[in-house]
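**Student:** Residue numbers (the working numbering), protein chains in the order written: chain A, 1208 to 2052; chain B, 201 to 364.
Glycine is no exception: its CB is placed at the ideal position from the N, C-alpha and C atoms.
All of these numbers come straight from a predicted model, not from anything done at the bench.
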Amino acid sequence: MTVTEDRPAAEIGQARRRKEDQRLITGRTKWTDNLTLPGMLHLAMVRSPVAHGTITSIDVEEAKASPGVIAVITGRDIADEQGSLPCAWPITEDQLAPPHPSIAVDTVNFAGEIVACIVARTAAQAKDAVELVDVEYDDLPVVLDMAAAAEGGDLTHPDLGTNVSATWVFDSAEAGTGTNVEDAIQAGEIIIERTYRQQRLIPAFMEPRSIVVDPTGEQTTMWSATQIPHILKLMLALTCGISESKLRVIAPDVGGGFGGKLQVTPEEVITLVVSRRLGRPCKYTETRSESILAAHHGRDQIQHLTLSANRDGTVTGLKVELLADMGAYLGLVTPGVPILGAFMYNSIYKFPAYRFVCKNIFTNKAWTDAYRGAGRPEATFAIERIMDELAAEVGVDPMEIRERNWIKPEEFPFSTVAGMEYDTGNYEAATDKAKQLFGYDELRAEQQRRRESGDPVQLGIGVSTFTEMCGLAPSRVLGALSYAAGGWEHATVRMLPSGKVEVLTGTSPHGQGHETAWSQIVADRLGVPFDDVEVLHGDTQIAARGLDSYGSRSLVVGGMAVVAAADKVIEKAKPIAAHLLEADVDDLEFEAGKFGVRGTDASIGIGELAFAVFSAHNMPEGVEPSLDAEATYDPVNFSFPHGTHLCAVEVDTETGEAKIRDYTCVDDVGKVINPLIVEGQVHGGLVQGIAQALFEEALYDDSGTLVTGSFVDYLVPSAADMPHFTTDRTESPSTTNALGVKGVGEAGTIASTPAVVNAIVDALRHLGINDIEMPCTPHRVWSAIQSRSSGEETPAQSQNVADSGLPSHNVTVSEGPADGGDGADPNVGRADSTSTGSETNGGAA
Amino acid sequence: MTQISINVDGVNYSDDVEPRTLLVHYLREQVGKTGTVIGCDTSNCGSCTVHLDGQSVKSCSVFAVQADGHEVTTIEGLAVDGQLHPMQQAFHENHALQCGYCTPGMIMQSIDLLNENPSPSEEEVRDGLEGNLCRCTGYQNIVKAVLSQAEGARTPSEAQGAQS
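Written out as structure tokens, the structure reads:
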């Protein structure tokens, strides 16, 4: 490509500093909570302290008389207007779901549910009056344990008659993507059964959710700290019975989301309904404590795995029995989160038989929904943990067991046992690079030395070779999975008279840097300077069509829509350029922003052409005077980033403290548009994944009260808790999109959790320990070591590392025939077992 | 109501405030300094960090009346005549922000950190930023940005000989 004065040869691949930064580093930001409108009122929510109960009375009189209070609204007051909050993903035809009013009317189903809304002139007056609302409840039995709830007993929603919302099955034999898993287990020379617990997590975006609604005029405008302005607009219209064209949703600067702002929230509906009812602009901004309490949570699954393998470590089958805690309600995509994991348990491995059974369970806790990775971190954790167990069983290095099972570079494209078609990848290349950067062999040698010397600080090395499915999603696939919407994305490219370019994207960034990356793409495509491209987003009136940002989809789907729209601009410009150059269209070539006539010096720049079209003085016959184009892009496949993550952890066997010494990862996210942004996404993802392994857990007490209710107790890591990361890349471009991109938003989070836990277990395996439940706190690690060294148990018998009322991990190793394939539901009380037909001691390899 | 006089970003303000008004609420709601933001309600996150007489404070932990007669500098007062403060520039150059919500507090704390210790080690930078939470960046580029502004600047990657 020709280099012009204005622009480097290729913007794609440049470490451009971000356009977004200027306003963010100077404080000239438009966070929703910064907005003030004339006459604006402030909302505060009265929330239930009771996890499950019938509302017997609400006395609002004292609150109404409080200074500045304009109104106090209960669920009954707006019962006819508030509708039921939407769930867009009924995973089965017979899925059960309770009605979900934004303000509870008759019953409350988790502690933190809204029971009344105060409207006052100032935020402080509204908060003062919250304390004055007197709500009486009749307690109902509180359902908290998903495993017990799955079996029956007390009901979260008595009207449903069961705690099971849906059961979803994928079976490779039934789907025609593989063989029967029970046969594989029957024939397996090695059978490993494990139960893993994905603790409940809190997305903890830094900007608390905030909403402003302006009902004045013909159209109602909502500003919301959301990831999904377009979906939100549609869902609000459907939920509240308002015409879509009467609603405008704006996501201004949004401070992080991580799936936590992929929701249609009670607070949004309430602010909309109250504002329209009172005819006054209203604002609601949650406190951090409210956010932790009542914004949706993530993960919370119990995974029971049965893996069969040959004695040489070749995996022959995997059965996954999953319990997923929905919490009290089904949010926008709550039921689909575990299903997104269903296609990833086979990961990079090519075993022939697979079965996945998921039961979605209601409990009286905050509802769960998407959190960074959504389903895929859970799957990746489980398979990467159990592959380490298999390595221990076979007696080889964890890396060796992966190499024996992974898809070889020459085997792509590869159809997986879960029905996915992986287009490209090179697990060997990423692993070789990672091992070299990490100093894998040297660290193994050091580990050996420390074991032999009985060093109280043991070294563990954790491996995670992951893949994920990104780029949600081909609409036909979403249709097959019963998702209510498609997975396309939309873009508009406008050529302005000055030659500048305006790009409207349906993606809705909240930290990802789309303004920068989309500018790079368009600069290359149209041959214009990077600084001449302006990217507009997050306003349903400006970028009217879109499906927003989540699931590492923005670049893979939204970026491709931008490419398609830019290409249409070029196509529209061609006949006009030919006309002005008095040449034949077929003789034109477009390069570096100019249309030239082959074999001559005659040319016209696209900016020049834009002005000529604007003036429209000399257009070819029958051609409209506009270069603007829009495109809707529907991906043909998911994309499959992968990588090898290596973690070295030092575990102090005397205190139980696990400290990350080195973390090295080599990610393959396909073609890179901006390496700076990619690296930043990996760093941030790593910390969220490491935080699950070591620190974070949302805990409820026996009465259903969230005890990790603030940043004092919910341990979001600080800079001081984190190591320096070594990151690098390999590049296997995707073959299913023209940019060759794969997505990077979730990679670090998906890969890092098992890398860390594998490292901790690896440090302690010689003590007979083969699992530590997450988060691997010093107490849990120390307790596991103590239970081993006490002499009460031996590695080959049983282990119990549970505390905090969480399910126990009983691990037994037995010899003799496999005890698999009974089809039983996942059950945390059940013993995990490793069975072999040989004399191998599976617990202490 | 209590009357207070505070110099914010070089301008003197005299206002009536409720005694319970936090400095951060005063700055955002009465002075209009919305660049300073609120991220929590337990003084853990540091998003609201400003300088009070040149030293960093979490403005959610100071009553407006306590700032009476003092000078406050917010993120909006750092740039002089359109010229970014070197720490603002360093955050931009090092991609030390993503969503940018923690950034004002993080920059104010970073400046204070180097005022206290002009040539910190990587560990000292990490410890010095412990009271400021970021959920996007994984901190690595923030640490890099701060170290780039230290005396005899060196980046953590140079220090460790690792690729970052």
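Taking the Cβ atom as the reference point for each residue, do residue 250(B) and residue 221(B) lie within a distance shorter than 8 Å?
**Tutor:** No. Outside cutoff.
**Student:** Could you say which of 1246(A), 1296(A), 1709(A) and 1683(A) lies nearest to residue 1742(A) if we only look at CA atoms?
**Tutor:** Nearest option by C-alpha distance: 1709(A).
**Student:** Would you list the one or two residues that DSSP bridges to residue 1823(A)?
**Tutor:** Its beta-bridge partners do not exist; DSSP assigns none.
**Student:** Do residue 1634(A) and residue 1849(A) have their C-beta atoms closer together than 8 Å?
**Tutor:** In this structure, residue 1849(A) lies closer than 8 Å to residue 1634(A) by Cβ.
**Student:** Could you check where the beta strand (DSSP E) with residue 1562(A) kicks off and where it finishes?
**Tutor:** 1560-1569 is the span of the beta strand (DSSP E), which, as asked, contains residue 1562(A).
**Student:** Just reading off the alpha helix (DSSP H) that residue 1687(A) is part of, what are its end residues?
**Tutor:** Counting along the chain, the alpha helix (DSSP H) containing residue 1687(A) begins and ends at 1682-1687.
**Student:** Specify the secondary structure class of residue 1528(A) as computed by DSSP and reduced to three states.
**Tutor:** Note: residue 1528(A) maps to strand in three-state DSSP.
**Student:** I'd like the list of long-range same chain contacts for residue 216(B), defined as Cβ closer than 6 Å, with 5 residues on each side in sequence excluded.
**Tutor:** Excluding residues within five positions, the ones whose Cβ falls inside 6 Å are 201 and 203.
**Student:** As a quick exercise: from 1483(A), 1549(A), 1579(A) and 1552(A), pick the residue whose alpha carbon is nearest that of residue 1503(A).
**Tutor:** Answer by Cα proximity: 1579(A).
**Student:** Does DSSP put residue 1615(A) in a helix, a strand or coil?
**Tutor:** Of the three classes helix, strand and coil, the one that applies to residue 1615(A) here is coil, per DSSP.
**Student:** So, with DSSP's three-state summary, where would you put residue 1345(A)?
**Tutor:** Looking at residue 1345(A) - three-state DSSP - the assignment turns out to be strand.
**Student:** Could you give the first and the last residue of the continuous alpha helix (DSSP H) run that contains residue 1645(A)?
**Tutor:** That run of the alpha helix (DSSP H) goes 1634-1645.
**Student:** Mind pulling the chain A residues with CB within less than 9 Å of residue 304(B)?
**Tutor:** Going along chain A in sequence order, the residues near residue 304(B) (Cβ under 9 Å) are 1231, 1232, 1233, 1234 and 1236.
**Student:** If we ignore side chains and look at the alpha-carbon of each, how far apart do residue 1507(A) and residue 1404(A) end up?
**Tutor:** Straight-line Cα distance between these residues: approximately 7 Å.
**Student:** Three-state secondary structure (DSSP) at residue 1662(A)?
**Tutor:** In this structure, residue 1662(A) counts as coil in the three-state DSSP scheme.
**Student:** Once DSSP output is grouped into helix, strand and coil, what is the label at residue 341(B)?
**Tutor:** If DSSP states are grouped into helix, strand and coil, residue 341(B) belongs with the helices.
**Student:** Report the option in 1795(A), 1766(A), 1787(A) and 1995(A) whose CA atom is closest to the CA atom of residue 1950(A).
**Tutor:** For residue 1950(A), the nearest C-alpha among the options comes from 1766(A).
**Student:** Contact between the region 1755-1766 of chain A and the region 1677-1691 of chain A is defined here as three or more beta-carbon pairs at a separation below 8 Å; is this criterion met?
**Tutor:** Segments in contact, yes.
**Student:** Give the interface partners of residue 1927(A) over in chain B, defined as CB-CB distance under 7 Å, in chain order.
**Tutor:** What residue 1927(A) touches in chain B: 326, 327 and 330.
**Student:** Below 8 Å between beta carbons: does that hold for residue 1461(A) and residue 1433(A)?
**Tutor:** Yes.
**Student:** How would you label residue 1597(A), buried or exposed, when you count the other beta carbons within 10 angstroms and need 16 or more for buried?
**Tutor:** Result: buried.
**Student:** What residue ranges within the region 1375-1444 of chain A form continuous beta strand (DSSP E) runs of no fewer than 3 residues, ordered along the chain?
**Tutor:** Counting whole runs of 3 or more residues, the region 1375-1444 of chain A contains the beta strand (DSSP E) stretches 1397-1408, 1417-1421 and 1427-1431.
**Student:** Going by DSSP in three states, residue 1469(A) sits in which element: helix, strand or coil?
**Tutor:** Correct three-state label for residue 1469(A): coil.
**Student:** For residue 2020(A), which of helix, strand or coil comes out of DSSP?
**Tutor:** Note that residue 2020(A) has pLDDT 34, beneath the 50 cutoff, so the model's placement of it is unreliable and the number below is only indicative. Strand.
**Student:** Please look up how many angstroms separate the CB atoms of residue 1873(A) and residue 1730(A), rounded, as I've assumed it's under 8 Å.
**Tutor:** Going by Cβ atoms, the distance from residue 1873(A) to residue 1730(A) rounds to 29 Å, so no, they are not a contact pair.
**Student:** Report the CB separation of residue 1609(A) from residue 1670(A) in whole angstroms; it is logged as a contact under 8 Å.
**Tutor:** Right, their Cβ atoms sit about 7 Å apart.
**Student:** Closer than 7 Å, Cβ to any Cβ of chain B: which residues of the region 1484-1506 of chain A, in chain order?
**Tutor:** So the list reads 1494, 1495 and 1496, given in the order they occur along the chain.
**Student:** How would you write the range of the beta strand (DSSP E) that residue 1235(A) sits in, first residue to last?
**Tutor:** That residue, residue 1235(A), is in no beta strand (DSSP E); it is neither H nor E in DSSP.
**Student:** Residue 1668(A) to residue 1251(A), Cα distance in whole Å?
**Tutor:** Each residue's Cα considered, the two are about 49 Å apart.
**Student:** Please confirm if residue 206(B) has its CB atom under 8 Å from at least one CB of chain A.
**Tutor:** Closer than 8 Å: no.
**Student:** If the cut is a Cβ gap below 8 Å, which residues of chain A does residue 202(B) touch?
**Tutor:** By Cβ distance, chain A contributes nothing, its closest Cβ being about 15 Å from residue 202(B), past 8 Å.
**Student:** Return the first residue and the last residue of the beta strand (DSSP E) that residue 1868(A) is part of.
**Tutor:** Its beta strand (DSSP E) spans residues 1865-1875.
**Student:** Mind checking if residue 2002(A) is an interface residue toward chain B, Cβ cutoff 8 Å exclusive?
**Tutor:** With a pLDDT of 39 at residue 2002(A), under the threshold of 50, the modelled position of that residue is not reliable, and the figure given next carries that caveat. So, not an interface residue.
**Student:** So what does residue 1260(A) bridge to, in DSSP terms?
**Tutor:** Partner(s): 1315(A) and 1346(A).
**Student:** When you compare only the Cα positions, how much space is there between residue 310(B) and residue 329(B)?
**Tutor:** Taking the straight line from one Cα to the other gives about 7 Å.
**Student:** Exposed or buried, what is residue 1359(A) when buried is set at 16 or more other beta-carbons lying within 10 Å of its beta-carbon?
**Tutor:** Flag for residue 1359(A) reads exposed.
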